[in-house]
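Peer 1: Would you mind keeping the following structure in view while I ask a few things?
There are 2 protein chains.
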Amino acid sequence: MNGVLDDRGAQVLRHVVEDYIETAEPVGSRTISKKMGQQLSPATIRNIMADLEEMGYLVQPHTSAGRVPTSSGFRYYVDYLLARRRLARPERDQLQRMAAGEAGSASADEVVRQFSRLLSSLSRQACVVVVSRLSSQPLRSLNLLRAGVDRILLVSVTQAGWVEHRLIEGERDLSADDLVKINAYLNELAAGLSLPQMRVKILQEMKKEKARYDRLMQRALLLGARALDEGSPAEVYVEGRANILDKPEFVEDVQKLKRILRAFEEKSIIVRLLDRALEEEAIQVSIGTENPVESLPDISVVASGYRLGEATMGSIGLIGPVRMDYSHVIPLVEYSARLLSSVFEHR
Amino acid sequence: MNGVLDDRGAQVLRHVVEDYIETAEPVGSRTISKKMGQQLSPATIRNIMADLEEMGYLVQPHTSAGRVPTSSGFRYYVDYLLARRRLARPERDQLQRMAAGEAGSASADEVVRQFSRLLSSLSRQACVVVVSRLSSQPLRSLNLLRAGVDRILLVSVTQAGWVEHRLIEGERDLSADDLVKINAYLNELAAGLSLPQMRVKILQEMKKEKARYDRLMQRALLLGARALDEGSPAEVYVEGRANILDKPEFVEDVQKLKRILRAFEEKSIIVRLLDRALEEEAIQVSIGTENPVESLPDISVVASGYRLGEATMGSIGLIGPVRMDYSHVIPLVEYSARLLSSVFEHR
DNA sequence: GATTAGCACTCGGGGTGCCGGAGTGCTAAA
DNA sequence: TTTAGCACTCCGGCACCCCGAGTGCTAATC
Numbered sequence: 001m002n003g004v005l006d007d008r009g010a011q012v013l014r015h016v017v018e019d020y021i022e023t024a025e026p027v028g029s030r031t032i033s034k035k036m037g038q039q040l041s042p043a044t045i046r047n048i049m050a051d052l053e054e055m056g057y058l059v060q061p062h063t064s065a066g067r068v069p070t071s072s073g074f075r076y077y078v079d080y081l082l083a084r085r086r087l088a089r090p091e092r093d094q095l096q097r098m099a100a101g102e103a104g105s106a107s108a109d110e111v112v113r114q115f116s117r118l119l120s121s122l123s124r125q126a127c128v129v130v131v132s133r134l135s136s137q138p139l140r141s142l143n144l145l146r147a148g149v150d151r152i153l154l155v156s157v158t159q160a161g162w163v164e165h166r167l168i169e170g171e172r173d174l175s176a177d178d179l180v181k182i183n184a185y186l187n188e189l190a191a192g193l194s195l196p197q198m199r200v201k202i203l204q205e206m207k208k209e210k211a212r213y214d215r216l217m218q219r220a221l222l223l224g225a226r227a228l229d230e231g232s233p234a235e236v237y238v239e240g241r242a243n244i245l246d247k248p249e250f251v252e253d254v255q256k257l258k259r260i261l262r263a264f265e266e267k268s269i270i271v272r273l274l275d276r277a278l279e280e281e282a283i284q285v286s287i288g289t290e291n292p293v294e295s296l297p298d299i300s301v302v303a304s305g306y307r308l309g310e311a312t313m314g315s316i317g318l319i320g321p322v323r324m325d326y327s328h329v330i331p332l333v334e335y336s337a338r339l340l341s342s343v344f345e346h347r
Numbered sequence: 001m002n003g004v005l006d007d008r009g010a011q012v013l014r015h016v017v018e019d020y021i022e023t024a025e026p027v028g029s030r031t032i033s034k035k036m037g038q039q040l041s042p043a044t045i046r047n048i049m050a051d052l053e054e055m056g057y058l059v060q061p062h063t064s065a066g067r068v069p070t071s072s073g074f075r076y077y078v079d080y081l082l083a084r085r086r087l088a089r090p091e092r093d094q095l096q097r098m099a100a101g102e103a104g105s106a107s108a109d110e111v112v113r114q115f116s117r118l119l120s121s122l123s124r125q126a127c128v129v130v131v132s133r134l135s136s137q138p139l140r141s142l143n144l145l146r147a148g149v150d151r152i153l154l155v156s157v158t159q160a161g162w163v164e165h166r167l168i169e170g171e172r173d174l175s176a177d178d179l180v181k182i183n184a185y186l187n188e189l190a191a192g193l194s195l196p197q198m199r200v201k202i203l204q205e206m207k208k209e210k211a212r213y214d215r216l217m218q219r220a221l222l223l224g225a226r227a228l229d230e231g232s233p234a235e236v237y238v239e240g241r242a243n244i245l246d247k248p249e250f251v252e253d254v255q256k257l258k259r260i261l262r263a264f265e266e267k268s269i270i271v272r273l274l275d276r277a278l279e280e281e282a283i284q285v286s287i288g289t290e291n292p293v294e295s296l297p298d299i300s301v302v303a304s305g306y307r308l309g310e311a312t313m314g315s316i317g318l319i320g321p322v323r324m325d326y327s328h329v330i331p332l333v334e335y336s337a338r339l340l341s342s343v344f345e346h347r
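Going down the list, the sequences are from chains A and B.
Mapping the first sequence onto our numbering, position 233 (from 1) lands on 233, and the numbers just tick up by one.
Mapping the second sequence onto our numbering, position 200 (from 1) lands on 200, and the numbers just tick up by one.
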């Protein structure tokens with residue numbers, strides 16, 4: 001009675017979880033007995049279920065109701081009982097076709113958004129979210145453009161094709177020619193570096209220039225340093241919000257719904273939810289209360305980072321009720337993340 | 001009996017609408033009689049209400065229930081009965097402070113997003129949507145940057161500070177120097193023109209260059225033409241989706257909710273909803289079935305275009321149930337649109 | 001000793017019936 | 001023309017009951 005299950009217990013738990021995933025209703029002993037081909041009578045199943053309840057894997061919403069898996073029940077299921085199903089052919093194909101289609105043409109954020117859409121519609125079950133972080137990627141180019149009498153636009157393009165721009169205020173006295181020179185200079189510095197590396201480089205370079213005392217180049221470095229100081233915020237894309245309205249557990253409780261929708265509007269919350277997936281290589285599954293946002297104890301997150309070479313670029317994941325079809329959703333996310341990585345790899 | 005109301009009828013209609021806006025419940029004759037200071041007894045009110053029902057301004061959900069305004073009831077109210085309230089001081093202040101704060105610093109799309117957020121939270125009542133159209137704005141600059149072995153990034157900055165970029169495929173043989181030259185050339189052409197004007201200019205210029213036969217410049221023009229051919233899609237920002245969950249009329253009907261949330265995920269639908277506001281100078285109010293999307297007969301849209309000089313830049317509006325506090329929401333949107341225009345004006 | 005059949009028990013949900021209140025329309029009186 | 005009065009309607013809430021699904025326990029069976 002230490003949390004480890006014998007084979008029978010495990011099988012029962014598996015069936016309870018799977019039935020519950022399907023029906024969203026408490027599962028009774030009869031149902032399980034039938035599912036297991038009557039090897040065991042309902043009465044026996046009841047005993048086993050009582051044990052499982054004692055161990056915290058199941059709960060009864062009320063006496064004389066069937067059982068419902070707890071978060072730890074789901075956790076046990078995911079960790080030990082899940083049949084690692086391969087992805088169904090048509091889904092693989094769809095994802096691959098999309099990847100192939102997007103690979104060449106669209107801009108990077110469009111690629112990500114398309115993936116997010118498709119993944120949300122394939123999983124039906126949940127909402128798709130994609131976060132991405134720019135700073136770690138190596139740059140392709142860095143350019144300053146005039147964007148107003150006293151503002152300048154810094155456009156950075158990474159090797160993977162991400163484009164980011166930010167404004168720098170209060171620069172009125174640089175001519176178009178100056179900017180061209182500065183661009184040439186900065187680009188020489190930038191090639192292949194990531195933004196933080198670039199920052200370091202600039203600081204080094206500033207010391208040198210001080211000696212040489214080239215006013216324009218010094219100016220260039222100052223501008224670069226200022227722009228990079230701010231750090232780039234994550235981008236968040238949420239698709240398929242409406243899917244949560246297909247889940248009875250949410251529709252029955254408007255408060256939950258509201259909390260979730262509100263969360264979708266807060267970038268920082270989404271980022272927190274998918275943060276873990278950025279660090280780790282493997283897919284991350286946070287079930288119910290396990291997820292890092294305490295105010296959302298009824299949702300699960302299945303997410304995986306995607307990468308470009310060494311650096312993690314972002315993470316893609318599904319958000320939905322704890323009652324999720326993990327055996328479907330996990331390979332789906334895994335595969336998508338891998339595809340996404342490879343799309344960016346071949347750019 | 002031709003749709004025009006005498007004073008008494010109008011007053012009764014006004015009170016029914018206002019009470020219904022407040023309570024979301026059918027309104028009875030007693031309530032109205034009280035609201036009107038007992039000048040008329042409930043019985044009289046009942047007669048008047050029966051007339052209003054006959055004229056199509058009110059309906060009874062069932063016999064022995066109070067009355068609910070129809071879409072035409074709301075329409076009549078908005079057109080003739082609405083006390084054009086001025087905006088409350090604190091709301092004006094908040095909007096103004098925001099405008100002042102954003103004016104200088106942020107990039108244009110950030111400004112719009114902030115407005116959208118604030119407007120959604122001030123109106124509580126509904127969701128905020130902003131659409132914006134780039135093509136008509138005069139350009140400040142146009143730049144080509146290398147973004148991959150065989151792709152080039154076109155970055156256009158408008159005078160109002162909107163930044164847009166798009167990729168051009170299959171250009172491998174232009175050196176960085178070439179790009180600099182091309183940029184200088186294009187920028188000379190571009191100054192002060194809008195994208196479509198630019199297109200025309202480029203076509204003219206192409207004829208000339210053909211004569212001169214300058215290969216690089218011809219190349220530049222081709223690139224420019226290709227990039228501009230595609231036309232820029234509208235940007236859509238939706239904020240405060242969760243607010244619709246505060247409206248009992250939506251929460252009671254999950255199907256409606258789903259339709260609305262789905263609509264929010266379709267750019268094209270949102271654009272259709274706010275389209276009218278782009279054309280007209282004045283604020284646009286579409287009540288219930290009046291709005292251009294037939295599949296959403298239970299929502300109203302209050303929207304207004306905002307402009308930069310002559311050209312309309314986009315429109316900002318609220319989406320919510322037909323039962324909206326128009327007397328509050330209309331000035332709110334009007335004022336926001338005006339502020340937004342002025343923010344962009346002073347750039 | 002494990003399994004199972006049997007049985008008593010519990011609880012939620014759905015259906016029914018009843019009542020009260022809010023509201024109406026109509027009529028007749030003011 | 002307005003209004004008081006009255007009969008009528010219908011919704012919503014409440015109590016009630018019953019049924020079914022499910023349980024736990026016990027005693028018999030393998």
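We put the beta carbon where it would ideally sit given N, CA and C, even for glycine.
All values derive from a computational prediction rather than experimental measurement.
Taking the alpha helix (DSSP H) that T312(B) falls in, what are its first and last residues?
Peer 2: First-last for T312(B): A311 to P321, but that is the beta strand (DSSP E), not the alpha helix (DSSP H).
Peer 1: Following the continuous beta strand (DSSP E) through N143(A), name the residue where it begins and the one where it ends.
Peer 2: L139 to G148
Peer 1: Taking DSSP's pairing of strands, which residues face Y306(B) in a bridge?
Peer 2: G314(B)
Peer 1: Look at the Cβ atom of I319(A), then the Cβ atom of V343(A), and state whether they are nearer than 7 Å.
Peer 2: no
Peer 1: Going by C-alpha distance, which of A220(A), Q137(A), M98(A) and R199(A) is nearest Y335(A)?
Peer 2: M98(A)
Peer 1: Per DSSP, which one or two residues make a beta bridge with Y80(A)?
Peer 2: According to DSSP, which records beta bridges pairwise, Y80(A) is partnered with nothing at all.
Peer 1: Since Y335(B) is in the alpha helix (DSSP H), which residue starts that stretch and which ends it?
Peer 2: Y326 to E345
Peer 1: With C-beta atoms as the reference, is Y352(A) less than 7 Å away from V78(A)?
Peer 2: No statement about residue 352(A) is possible, as the shown extent of chain A runs from 1 to 347 and does not include it.
Peer 1: Hey, A220(B) and L193(B): beta-carbon distance below 7 Å or not?
Peer 2: no
Peer 1: Against chain B, does M1(A) count as a neighbour if the rule is that its beta carbon must be under 7 Å from one of theirs?
Peer 2: Below a pLDDT of 50, predicted positions are generally treated as unreliable, and M1(A), at 46, falls in that range; the measurement from the model is reported next regardless. At a cut-off of 7 Å between C-beta atoms, M1(A) does not count as an interface residue with respect to chain B.
Peer 1: Have a look at G66(A) and Q60(A) and give me their C-alpha separation to the nearest angstrom.
Peer 2: Using only the alpha carbons, I get a separation of about 6 Å.
Peer 1: Contact criterion: CB-CB distance below 7 Å. Does K258(A) meet it with respect to chain B?
Peer 2: Yes, K258(A) counts as interfacial toward chain B.
Peer 1: Beta carbon of A311(B), beta carbon of Q137(B): below 7 Å?
Peer 2: Yes, these two residues count as a Cβ contact at 7 Å.
Peer 1: Beta carbon of P303(A), beta carbon of S315(A): below 7 Å?
Peer 2: Residue identity differs from the one stated: residue 303(A) is Ala in this sequence, not Pro. The answer is yes: Cβ separation under 7 Å.
Peer 1: By the 10 Å Cβ neighbour count, where 16 or more other Cβ atoms means buried, how is R89(B) classified, buried or exposed?
Peer 2: R89(B) comes out exposed.
Peer 1: Assuming R151(B) contacts E171(B) under a Cβ cut-off of 8 Å, what Cβ separation, rounded to an integer in Å, is found between them?
Peer 2: About 7 Å separates the two Cβ atoms, so the contact holds.
Peer 1: Pull up the CB-CB distance for L245(B) and L257(A), whole angstroms please, since I reckon it's below 8 Å.
Peer 2: Their Cβ separation, rounded to whole angstroms, is 6 Å, which keeps L245(B) and L257(A) in contact under 8 Å.
Peer 1: Alpha carbon to alpha carbon, what distance is there between G73(A) and M1(A)?
Peer 2: Here M1(A) scores only 46 on pLDDT, less than 50, and its place in the model should not be relied on; the value that follows carries that caveat. Approximately 15 Å between the Cα atoms of the pair.
Peer 1: Along chain B, in chain order, which residues have C-beta atoms closer than 7 Å to that of H165(A)?
Peer 2: V163
Peer 1: If you run the structure through DSSP and keep just helix, strand and coil, what is H15(B)?
Peer 2: helix
Peer 1: Looking only at its own chain, which residues have a Cβ that is under 7 Å from the Cβ of Q56(A), when we skip the five neighbours before and after it?
Peer 2: The question names Gln, but residue 56(A) in the sequence shown is Gly. Cβ within range, chain order: T70 and S72.
Peer 1: Just the Cα atoms here: how many angstroms apart are I260(A) and L222(A)?
Peer 2: 43 Å
Peer 1: Tell me the DSSP secondary structure of R124(A) in three-state form.
Peer 2: coil
Peer 1: Along chain A, in chain order, which residues have C-beta atoms closer than 8 Å to that of V293(B)?
Peer 2: What V293(B) touches in chain A: nothing, since even the nearest Cβ is about 16 Å away.
Peer 1: Return helix, strand or coil for T23(B), following the three-state DSSP convention.
Peer 2: helix
Peer 1: Beta-carbon separation of K35(B) and H15(B) under 7 Å?
Peer 2: yes
Peer 1: So, helix, strand or coil for S4(A), using DSSP?
Peer 2: Note that residue 4(A) corresponds to Val in the displayed sequence, not to Ser. Three-state DSSP puts V4(A) in coil, outside helix and strand.
Peer 1: Have a look at S64(B) and L40(B) and give me their C-alpha separation to the nearest angstrom.
Peer 2: 20 Å
Peer 1: Residues in the segment 137-156 of chain A with C-beta within 7 Å of chain B's C-beta atoms, listed in sequence order?
Peer 2: R140, S141, N143, L145, R146, A147, G148, L153 and V155
Peer 1: In its own chain, which residues sit with a C-beta less than 7 Å from the C-beta of A24(A), not counting the 5 before and 5 after it?
Peer 2: P248, E249 and R323
Peer 1: From which residue to which residue does the alpha helix (DSSP H) around T158(B) run?
Peer 2: Element bounds for T158(B): not the alpha helix (DSSP H) but the beta strand (DSSP E), R151 to T158.
Peer 1: Tell me, please, which residues DSSP counts as bridged to S235(B).
Peer 2: Looking at the sequence shown, residue 235(B) is not Ser but Glu. Its beta-bridge partners are S132(B).
Peer 1: Is it true that the CB of N183(B) sits closer than 7 Å to the CB of L144(B)?
Peer 2: yes
Peer 1: Please report the straight-line C-alpha distance between A126(B) and K267(B), rounded to a whole angstrom.
Peer 2: 18 Å
Peer 1: Shorter than 7 Å from the beta carbon of A50(A) to some beta carbon of chain B?
Peer 2: no
Peer 1: Do the CB positions of S107(A) and R146(B) come within less than 7 Å of each other?
Peer 2: no
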